[in-house]
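Note sheet for the following structure.
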Amino acid sequence: MAWRESKLMQVVWTILRVYVGWQWLSSGLGKTFGPGSAVWVGPKAGTAITGFLKGALAKTTGAHPDVQWWYGGFLSNIALPNATLFSYIVSWGEVLVGVGLIAGFLTTIALFGGILMNFNYLFAGTVSINAFLLLLEALLLWAGAAAYYWGVDRAFLPRWKKWRLAKG
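For what it's worth, the numbering used here labels the leading residue of the sequence shown as -13, then goes sequentially.
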């Protein structure tokens, strides 16, 4: 057994997993149910993310832009025209990643979802806590099954694998 799979490290990974999950869940709940949720998922959905995207596009100019041209192209041609859809995806994506990590349910999928969102925030020129969360998510992926030993996946995944094998 590698040191990263020891009982002590299982506890450490669980604490880190729940911490990262709480960061995602609290952010997502603020967007979906908080006082300003109308601009994320309510009647004015897309308003907040449009401002964010326009701010990111403003960072694509200059000798050393914070946002690279190729990502600016994605923002202006795909994300901005579909701001309402992306607003719902971001809001509920943060909630689902948070719940998955806190519960230790579909942990690997939740980690990849968090990594995808963090990379997008970083590509958009936002730093905040995203780089730190990205590092923790990478460590949790590296930890493997030890990261969800104290979680729903410990019971769920063996049953799911058995069911998939029986199904053929």
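We treat Cβ as the ideally placed atom computed from N, Cα and C, and that holds for glycine.
What do you reckon, are the CB atoms on residue i and residue j nearer than 8 Å?
i, j, result
"I95", "G84", "no"
"E123", "V6", "yes"
"V4", "I88", "yes"
"L97", "L66", "no"
"K(-7)", "S77", "no"
Considering only the alpha carbon of each residue, which of the options lies closest to residue i?
i, options, result
"W136", "A(-12), L(-6) and T0", "T0"
"A131", "T93, N104, V113 and L121", "T93"
"F72", "F98, G32 and F105", "G32"
"A(-12)", "A129, R140 and R145", "A129"
"Y74", "P144, A34, F142 and W146", "A34"
"Y107", "K30, L61 and G28", "L61"
"G59", "T70, T46 and H50", "T46"
Going along the chain, which residues of its own chain have a beta-carbon closer than 8 Å to the beta-carbon of residue i, five neighbours each way excluded?
i, result
"Q9", "G84, I115 and L119"
"S12", "G84"
"T70", "A31 and G32"
With a threshold of 7 Å on Cβ separation, who are the neighbours of residue i within its own chain once the five nearest residues in sequence on each side are excluded?
i, result
"E(-9)", "A132"
Helix, strand or coil: which one does DSSP assign to residue i?
i, result
"L92", "coil"
"T36", "helix"
"D52", "coil"
"Y135", "coil"
"I115", "coil"
"W26", "coil"
Can you round the beta-carbon distance between residue i and residue j to whole angstroms, since I take them to be within the 8 Å contact cut?
i, j, result
"V113", "L15", "Not a contact, Cβ separation roughly 22 Å."
"V53", "A110", "6 Å"
"G90", "Y134", "4 Å"
Is residue i near the ligand HEM, with its Cβ less than 7 Å from a heavy atom?
i, result
"Y135", "As far as ligands go, the structure on display features none, and thus does not contain the ligand HEM."
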